[in-house]
Amino acid sequence: MPVILAIESSCDDTSAAVCVDGVVLSNVIANQTIHEAYGGVVPELASRVHQQNIVPAVQQALQRAKVSKNDVDAVAFTRGPGLLGSLLVGVSFAKAFALAKNIPIIEVNHMQAHVLAHFIGDNKPSFPFLCLTVSGGHTQIVLVKDYFDMEVVGQTLDDAAGEAMDKTSKILGLPYPGGPLIDKHARLGNPEAYKFPEPQIPGFDFSFSGLKTSILYFIRDNVAQNQDFIAENINDICASVEGRIVSILLNKLKKAADHYGIKDIALAGGVSANTGLRLGLKEMGAKYGWNCFIPEMQYCTDNAGMIAIAGYHKYLKGEFAEQSVAPLARMPF
Ligand code: KG4
Ligand code: ZN
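Per UniProt numbering, the very first residue in the sequence shown carries number 1; after that it's consecutive.
In structure tokens, the structure reads:
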């Protein structure tokens, strides 16, 4: 019955979770709101706020799981990829806790953990499956052959899908992070109102920078003619942008599913919280006979629950890290 304490601090959310025998019993997430005013995450500020949040987040996670810190068998932590200053806080905490309790530490790759979030609940995909991992920093189609045997078969050549959401919202004058706000406005708008281009990229790769430029010019030209263009049409603009981002993502996913002959299809990462994407995948699944797996909302955006489940499966394999382990801003699978 291993008890795993997990820490996630790769970007701007401080999170701690406890997993007992493969069951995630708590998942505490402290969001940082300080970045809203800056239109994006300020790394130095993120690191400082992690330092303030980490001890209370761990205390709450242990409390909610009704687990004493003396019962913890191992500490799992995000080693990378992410912001170095942010990662450093989680890595240092994990090491210090483990040293004090004389227990092992387990390093986890954040992008693998997003995929492994599907093993938290009862409805688990079977290997091999395809996972579309879409976050603020990544857009990947991952061929998942086993818990830690994953291959990125397609990825973005420039911006990530979440970045496209966040940059569009910035153009529209909405605060950071804009993805959830685009989602909210899109529900009230017409996705057919405006047509944005779908890039023609070979294979399973993506590109979002051309879309971003076309959105920028579209807004600039319309605002030049009518100052109130954004305010009057925000719902239709958001619905059309979201609709195009979703169609780019799902068309590539369909192409990969056909190529690999795989019918277990999963979504992961912060953008998998998007209503249009969730609905779109369900529709495609019904049409093509896929078994679709969409994580619970709390396990879509950054969270330590996914680090805990990844840590649990590494614990079972006896894969522990050395105390000398350092965080990595870039960390391939
Ligand atoms: O996985 P995540 O929490 O952090 C990273 O590892 O990047 O993903 C954050 C991204 C942000 O770009 C945010 O705008 C986007 O996920 N996001 C959404 C929604 N909720 C979060 N995008 C669209 N619709 C949402 N409901
Ligand atoms: Zn993430």
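All residues carry an ideal CB built from backbone N, CA and C; glycine is no exception.
Same chain, Cβ closer than 6 Å to residue i, neighbours up to 5 away in sequence not counted
i    : result
V20  : V3
V91  : F77, P327
N222 : F229
A98  : V75, I105
E242 : I182, A186, G276
K167 : K212
D158 : S207, S209
A57  : T14, A16, V28, A30
W290 : K263, I265
P43  : L83, G85
K314 : I106
Own chain partners of residue i with C-beta closer than 7 Å, once the 5 adjacent residues on each side are dropped
i    : result
I294 : L267, S272, R278, L281
T133 : M111, H114, V115, Q140, V142, A268, G269
L84  : P327, A329
S126 : D264
A321 : I105, I106, E107
M1   : V20, D21
I234 : L172, H185
I34  : L45, V49
G178 : M165, D166, T168, S169, K170
L250 : G280, L281, M284
S214 : F196, P197
Short Cβ contact (9 Å threshold) for residue i with residue j
i           : j    : result
R79         : L328 : yes
H110        : D302 : yes
V18         : A65  : yes
Y288        : P128 : no
V108        : F333 : no
P191        : A239 : yes
Y299        : G22  : no
residue 358 : S26  : What the structure shows of the chain is the stretch from 1 to 333, and residue 358 is not part of that stretch, so it cannot be assessed.
Y194        : V41  : no
L5          : A308 : yes
E198        : I248 : yes
I120        : E232 : no
M284        : K254 : yes
G154        : F204 : yes
V67         : K101 : no
Beta-carbon separation (whole angstroms), residue i vs residue j, contact threshold 8 Å
i    : j    : result
A310 : L143 : Between L143 and A310 the Cβ distance is about 18 Å, and since that is not below 8 Å, they are no contact.
A16  : V24  : Their Cβ separation, rounded to whole angstroms, is 11 Å, which puts A16 and V24 out of contact at 8 Å.
L130 : A256 : 6 Å
G39  : K145 : Actually they are not in contact, since the Cβ atoms of G39 and K145 sit about 39 Å apart, beyond 8 Å.
Sequence-distant residues of the same chain with beta carbon closer than 8 Å to residue i, five excluded per side
i    : result
V246 : N274, G276, L277, G280
I54  : I7, S9, T14, A16, V89, G90, F93
C11  : V41, A46, G82, L83, S86, G136, G137, D302
F218 : Y194, F196
R220 : none
N180 : Checking the sequence, you will find Pro at residue 180 rather than Asn. Same-chain partners within the cutoff: A273.
N226 : E232
A96  : none
Runs of alpha helix (DSSP H) wholly within the region 128-203 (minimum 4 residues, chain order) = 161-171, 179-186
Beta carbon nearer than 5 Å to a non-hydrogen atom of the ligand KG4 = Taking each Cβ in turn, the ones that pass are S135, G136, G137, G162, M165, D166, P177, G179, P180, D183, G269, G270, V271, A273, N274, T301, D302.
message = Threshold first: 4 residues or longer. Then list the alpha helix (DSSP H) segments lying entirely within the region 268-295, N to C.
response = 275-288
message = At 3 residues or longer, what runs of the beta strand (DSSP E) sit wholly inside the region 203-246?
response = none
Segments assigned alpha helix (DSSP H), at least 4 residues, entirely inside the region 35-82 = 43-65
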